[in-house]
Amino acid sequence: MADTHRCYCVTKHNAPLELATREVATPKGREVLVKVTGAGVCHSDIHLWEGHYDLGGGKKLSLKDRGIKLPLTMGHEIAGEIIAAGPDAKGAKIGAKVVVYPWLGCGECPTCNRGDENLCLKGRSLGVFIDGGYSTHVIVPDAKYCIDLGKLDAAEAAPLACSGVTTFSALKKFGAKIKDEPVVIIGAGGLGRMAMTMLKAMGGKGAIVVDIDPVKRDGAKAAGALSVIDGGAADAAQQILTTTGGALLILDLVGAASTLNLAIASATRGTEIVVVGLFGGEVTIPVPFFPLRPLAIRGSYVGNLAELTELVDLAKAGKLELIPVNRRPLDEANAALMSLRDGKVNGRVVLVP
């Protein structure tokens, strides 16, 4: 076992990530030590790096106020190998190739006890509240969060922990309707491509993909989208209405004022809109829309441990095709983050130590 490990940390918001060398912790109790073999770079990391979420109207939600402290090693899409375990780490298998469930709660409240740790108000998520995967090693608080990958490629499986379980959980909120109605997916980046893959694995009818980037639209079309629409077009809402006859199922993976307004403008009677993206902003919605349409808008925040386990099982059974990823060395963590911030990434980037 290595005596030291390398990690790239946010030491100051909006400043380059800094390399640090630290001692490798010895796992205690139920902890396990995972040697990282792949760590996804997620758009949520941009918000963590910036230190806030945009609430619109000049208002910002400070991450410091949410209890997020610096220095922080980001990275919540973690795959790796268990190389050590604490004395109480039940089920931990040294040498096992795993993906790590990062959305940890307090483990004691009613929310956690019913299996929804991702919704715990005392969250301690890896790469958000405690150090994550932009590193060569990571301590996982409990062996139960390590899901065996079998023969799956670790780098390709790493995004299942966030973009995978996020889109899976969001699509599940539409229920059986996905088998009869196309899902309008707003955003054709890494999450959009993942959502299309999930939809296929879940037996969905298909996706109509909306994006302002022609390259990403072309990629979505090549990946099997029923149709693609330019979200920046003046008649984008009309195009969606014409294509769908009124969109019943809309998944907003961008989460901007413009995309949610587009979703509402594309709605028909009984439309369900699930918002996942965190781009930010604010919208004004006429209250009568809710009972008269009737319109349902809900958020979806990542997913729970059972959903990630189900997702990995789908992949291991060959029912879910893992999307190709762009592998970059861990030492390029900052460059990879900046590429994502600047919109220069098509698909998902995974850091490989």
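66 is the number of the first residue of the sequence shown in our numbering; add one for each residue after it. Where a beta carbon is used, it is the ideal one built from N, C-alpha and C, also for glycine. All values reported here derive from a predicted model rather than from experimental measurement.
Based on the DSSP output, what are the partners of residue i in its beta bridges?
i, result
"D213", "V163"
"P394", "V417"
"H70", "R87"
"L379", "DSSP lists no partner for L379."
"I78", "Reading off the sequence, residue 78 comes out as His, not Ile. In DSSP, H78 forms no bridge with anything."
"S292", "I273"
"H202", "K100"
"T138", "C74"
"K124", "G121"
"G256", "The amino acid at residue 256 is misidentified as Gly; the sequence shows Leu. Answer by DSSP bridge pairing: none, since L256 is not bridged."
"V248", "A272 and L314"
"K337", "The residue asked about is misnamed: residue 337 is Glu in this sequence, not Lys. L314 and A361."
"G105", "E142 and V415"
"I243", "Note: I243 sits in no beta bridge, so no partner."
Can the beta-carbon of residue i be found closer than 8 Å to that of residue j?
i, j, result
"A253", "V164", "no"
"S200", "H70", "yes"
"V377", "A220", "no"
"V193", "L113", "yes"
"I305", "I338", "no"
"L169", "C74", "no"
"G342", "A322", "no"
"V101", "G160", "no"
"L379", "V230", "no"
"P419", "A104", "There is no way to answer for residue 419, as the model of the chain reaches only from 66 to 418."
"R358", "P224", "no"
"K265", "I243", "no"
"V99", "G151", "no"
"L291", "P247", "yes"
"L126", "T262", "no"
"L184", "K381", "no"
Quick one: Cα of residue i to Cα of residue j, how far?
i, j, result
"L128", "E96", "27 Å"
"N411", "D119", "23 Å"
"D110", "M139", "7 Å"
"E173", "S190", "15 Å"
"R179", "V280", "42 Å"
"D276", "V293", "8 Å"
"I133", "A90", "21 Å"
"P394", "A401", "9 Å"
"G320", "V367", "14 Å"
"T76", "L405", "19 Å"
"K93", "A149", "10 Å"
"L84", "C72", "6 Å"
"D181", "R392", "31 Å"
"K187", "I195", "12 Å"
"P175", "N369", "14 Å"
"R363", "V340", "6 Å"
"G121", "I251", "20 Å"
Is residue i close to the ligand ADP? I mean its beta-carbon at under 7 Å from any heavy atom of the ligand.
i, result
"K286", "This structure lacks the ligand ADP; in fact it carries no ligand of any kind."
query: Using 8 Å as the threshold, is the segment 221-236 in touch with the segment 296-311, meaning 3 or more CB pairs across them?
result: no
Contact between the segment 139-154 and the segment 319-336: three or more CB pairs below 8 Å? no
Cβ pair count under 8 Å reaching 3, the segment 283-290 against the segment 254-264
Per the Cβ contact rule, the segment 283-290 is in contact with the segment 254-264 (3 or more Cβ pairs under 8 Å).
Inset, instruction - Please confirm if the segment 304-314 is in contact with the segment 202-211, defined as three or more CB-CB distances below 8 Å between the two stretches. - result: no
Quiz prompt | Contiguous alpha helix (DSSP H) assignments of at least 4 residues, all confined to the segment 294-333 | solution = 301-309 and 322-330
Threshold first: 4 residues or longer. Then list the alpha helix (DSSP H) segments lying entirely within the segment 144-190, N to C. 175-178
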